[in-house]
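Here is the structure we will look at, set down as structure tokens.
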Amino acid sequence: MKEQPAIIWEGEEGNTETLTHAKLFEQVKFCAAGLRANGFG
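Mapping to my numbering: the sequence shown position 15 is 18, numbers consecutive.
Below, the structure written as structure tokens:
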């Protein structure tokens, strides 16, 4: 499941971006660490 798409985004001009579950989890962890470092959570 880690390499399956979690988010598929398509822009107005037809360009697409796909974010896998693994990459999404990495980005969520990065964001959470930043919030914790700044006193949130």
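We put the beta carbon where it would ideally sit given N, CA and C, even for glycine.
Since the structure is predicted, the reported quantities are computational estimates derived from the model, not experimental observations.
As assigned by DSSP and simplified to three states, the class of residue i
i	result
E29	helix
Proximal residues to residue i (C-beta, below 7 Å), its chain only, five neighbours per side dropped
i	result
H24	M4, K5, Q7 and A9
Other residues of its chain near residue i: CB distance less than 8 Å, five sequence neighbours each side excluded
i	result
G44	A35 and L38
T19	I11, W12 and E13
First and last residue of the uninterrupted beta strand (DSSP E) at residue i
i	result
E15	No beta strand (DSSP E) holds E15; DSSP gives it neither H nor E.
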